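**Q**
Residue numbers (UniProt numbering): 1 to 139.
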């Protein structure tokens, strides 16, 4: 036991074992491990009782790459659409300031410009997720 009352060795859960097993299988598929090494490590994974035993099985493997979300405004068409919406919003605000109208009328056009950019981003994101080689037709 540590001084905080937390055990120094934590028992491994099935989810921990599956995560390490997936990482070992991926390393075998990449050619980093031989078939015998994969089999030996997988048998050790499923017989491991503690998480530090699992960590020792993958200590010589590279860390998995983090999955980054794609950039929202990565597509040039979305960036152009956003730039046009910003320019039109600024022009509307300047027109409102110079006109002296007491209520802020550019709010509605700016709302619809923002909604059009939002829908454009969502459509581009949906198109990016589905690829033609997945068997889904994208227009």
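A virtual CB, placed ideally from N, CA and C, is assigned to each residue, including glycine.
Source: prediction; values computed, not measured.
(1) Using 8 Å as the cut-off, can you tell me whether the region 86-94 makes contact with the region 109-125, which would need three or more C-beta pairs spanning the two stretches below that distance?
(2) Determine whether the beta carbon atoms of residue 58 and residue 16 lie at a separation below 9 Å.
(3) Starting from the Cα of residue 185, find the closest Cα among 64, 53, 14 and give me that residue.
(4) In the structure shown, what three-state DSSP assignment does residue 17 receive?
(5) Do the CB positions of residue 42 and residue 21 come within less than 9 Å of each other?
(6) In terms of residue numbering, what span does the alpha helix (DSSP H) encompassing residue 51 cover?
(7) Mind checking residue 106: buried by the 16 CB within 10 Å criterion, or exposed?
**A** For this structure:
(1) yes
(2) no
(3) One cannot answer for residue 185 here, as it falls past the ends of the chain, which runs 1 to 139.
(4) Helix, per DSSP.
(5) yes
(6) Segment 51-57, the alpha helix (DSSP H) holding residue 51.
(7) buried
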